[in-house]
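A.B. asks: When we follow the numbering used here, the leftmost residue of the sequence shown carries the number 6, and every step to the right adds one.
Before anything else, here's the structure in question.
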Amino acid sequence: MRARLDGLRNRLRAKDDELGRKGLEMEGLAREAKAEIDRLTAELAKERGHSTALTLYYDTTEPQMEALRQELSRAEAKAKRLAREAARTTEAAKTSCRTLRLALTDMGVKARGVPDENASALEFCDWNQEADCATAYGDCGARVSAAFTLGLLQQHGCEHGDWEVSAQDISPALRAWRRQFWQKDGRYAAKARLLEQLAKTEAADQGEEAAGGGRGGAEDHPEFVRPNFLSPVRLHDFPIFAGSMPKALRSAPLGDWRSRNEKFVAAKNLPKVRYLLRPVYRDMTINGHNYKVVNVANWMRTHPGRTLEDYDRVHVTHLEGMARFWRNHRQTDRQEAIAQRRYALTIVSPPSPLRCTISVVMTNLVRQITPLVVVLGAKM
Numbered sequence: 006m007r008a009r010l011d012g013l014r015n016r017l018r019a020k021d022d023e024l025g026r027k028g029l030e031m032e033g034l035a036r037e038a039k040a041e042i043d044r045l046t047a048e049l050a051k052e053r054g055h056s057t058a059l060t061l062y063y064d065t066t067e068p069q070m071e072a073l074r075q076e077l078s079r080a081e082a083k084a085k086r087l088a089r090e091a092a093r094t095t096e097a098a099k100t101s102c103r104t105l106r107l108a109l110t111d112m113g114v115k116a117r118g119v120p121d122e123n124a125s126a127l128e129f130c131d132w133n134q135e136a137d138c139a140t141a142y143g144d145c146g147a148r149v150s151a152a153f154t155l156g157l158l159q160q161h162g163c164e165h166g167d168w169e170v171s172a173q174d175i176s177p178a179l180r181a182w183r184r185q186f187w188q189k190d191g192r193y194a195a196k197a198r199l200l201e202q203l204a205k206t207e208a209a210d211q212g213e214e215a216a217g218g219g220r221g222g223a224e225d226h227p228e229f230v231r232p233n234f235l236s237p238v239r240l241h242d243f244p245i246f247a248g249s250m251p252k253a254l255r256s257a258p259l260g261d262w263r264s265r266n267e268k269f270v271a272a273k274n275l276p277k278v279r280y281l282l283r284p285v286y287r288d289m290t291i292n293g294h295n296y297k298v299v300n301v302a303n304w305m306r307t308h309p310g311r312t313l314e315d316y317d318r319v320h321v322t323h324l325e326g327m328a329r330f331w332r333n334h335r336q337t338d339r340q341e342a343i344a345q346r347r348y349a350l351t352i353v354s355p356p357s358p359l360r361c362t363i364s365v366v367m368t369n370l371v372r373q374i375t376p377l378v379v380v381l382g383a384k385m
């Protein structure tokens, strides 16, 4: 019986130990679960804060996103409009190129390097710019030729209407005259008309000489000139349209320029005819500004593809920049001192015995101090 009680006691003790161990395990698991719950609660609070921040961020960025959507829609509309404008520009450039090519072909110029139908607007614009430069030179040549022709006809007494020298009036008239001149027997007809006019002028001059007692022949004038009416006209030999020059430039020089500019024209099978050579003024006007023809020609030669408007704009910009520089220029202290020393007026009194004595004494002192300074410098 006693042994049985001991066995029960031992089993109860073992059960108590197992229950204590189970209780400890339960307490450990409870602590771990509580720690896990705390961790999850902290993470949940953090996620809730992050979610709140994201919600606020999305709420604040929604107007910006809407503004970006509107700006994107406007950019797309602008891109479509620019595409349509680019297409219209390309079509306009293509039409201008085609028109300019037809005009050049009508003038007898062989146009080369013309862009094809699939070229870009930039290529069409470049070709148009080069062709415009050629037409500008043609207009300049037309002005020179027209001015020379009008002056020559006026000098020989041929009555004609005043032509307004411009690219719209002179070029078509000159092209028509050129076509008529280069037609069959056109040169001979023009030469015959010119010789007939020269003969009339000579008869009128002979009548004046018979009335006034004569004024000498061609041998008395060493400046005899035989012009070639069929030679090409050079730009620097004749004036550009005199109507675009200021009145001060068109006025005749002092003295009787008619007597000093008398020349003689000799035509084949006709006696010599005297005519008056008008003074040549080599100035031209661009946008109201006067320029030398030589300067403009040199600039156009060194800047191919540019126009007279570009020369005027560059020259005016250069003058404005130079004026702005000198208007804002400030001399340095050294420059002001040099200017004051160079241009200041100093009153010099006549020499006195006291000044001469002081000068001699200072010179002797300098001569005595200089070797001493040299010796001290060598010792140091």
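Quick reminder that beta carbons are idealized off the backbone N, C-alpha and C, glycines included.
(1) Pull up the DSSP beta-bridge partners for I291, would you.
(2) In the structure shown, what three-state DSSP assignment does N303 receive?
(3) Tell me the DSSP secondary structure of T65 in three-state form.
(4) A92 to A80, Cα distance in whole Å?
(5) Taking the C-alpha atoms as reference points, what is the distance between K83 and T312?
(6) Would you give the residue range spanned by the alpha helix (DSSP H) that T322 belongs to?
(7) By alpha-carbon positions, which one of V298, F330, L324 and I291 ends up nearest to D315?
(8) Counting pairs of beta carbons, one from the stretch 328-348 and one from the stretch 298-309, are three or more of them closer than 8 Å?
(9) Please state whether DSSP places Q387 in a helix, a strand or coil.
(10) How many angstroms separate the CA atom of K297 from the CA atom of W304?
(11) What is the rounded straight-line gap between the Cα of T322 and the Cα of V301?
(12) Could you tell me how far apart the beta carbons of A98 and C130 are, in whole angstroms, since I believe they sit closer than 8 Å?
(13) Taking only the alpha-carbon atoms, compute the straight-line gap between D11 and E37 and give it to the nearest angstrom.
(14) If you draw a straight line from the alpha carbon of A58 to that of T65, how long is it in whole angstroms?
(15) Helix, strand or coil for H308 per DSSP?
(16) Nearest-angstrom Cα distance between K85 and V299?
(17) Using the Cβ count rule (16 or more neighbours within 10 Å means buried), how would you classify M327?
(18) How many Å lie between D317 and R329 at the Cα?
(19) Would you call M289 buried or exposed, if buried means 16 or more other Cβ atoms sit within 10 Å of its Cβ?
(20) If you draw a straight line from the C-alpha of V319 to the C-alpha of E128, how long is it?
(21) Under a three-way DSSP split, which group does A124 fall into?
C.D. replies: Reading off the structure:
(1) DSSP lists H294 as partners of I291.
(2) In the structure shown, the three-state DSSP call for N303 is helix.
(3) If DSSP states are grouped into helix, strand and coil, T65 belongs with the helices.
(4) Note on geometry: alpha-carbon atoms of A92 and A80 lie some 18 Å from one another.
(5) Cα to Cα, K83 sits roughly 33 Å from T312.
(6) Taken as a continuous stretch (DSSP letters only), the alpha helix (DSSP H) holding T322 covers L313 to R332.
(7) Distances from the alpha-carbon of D315 to those of V298, F330, L324 and I291 put I291 closest.
(8) When Cβ pairs closer than 8 Å are counted between the two stretches, the stretch 328-348 is seen not to touch the stretch 298-309, the count staying below three.
(9) Because residue 387 is not part of the residues shown, which for the chain are 6 to 385, the question remains open.
(10) Note on geometry: alpha-carbon atoms of K297 and W304 lie some 11 Å from one another.
(11) For T322 and V301, the distance between alpha carbons rounds to 16 Å.
(12) At roughly 6 Å, the Cβ-Cβ gap stays under 8 Å, so A98 and C130 are in contact.
(13) The straight-line gap separating the alpha-carbon atoms of D11 and E37 is approximately 39 Å.
(14) When the Cα atoms are used, A58 and T65 turn out to be separated by approximately 10 Å.
(15) DSSP places H308 in coil when its eight states are reduced to three.
(16) If you draw a straight line from the Cα of K85 to the Cα of V299, it comes to about 49 Å.
(17) M327 comes out exposed.
(18) Rounded to the nearest angstrom, the two C-alpha atoms are 18 Å apart.
(19) It is buried - the Cβ of M289 has at least 16 other Cβ atoms within 10 Å.
(20) Going from the Cα of V319 to the Cα of E128 covers about 25 Å.
(21) Residue state for A124 is assigned as coil, using DSSP reduced to three classes.
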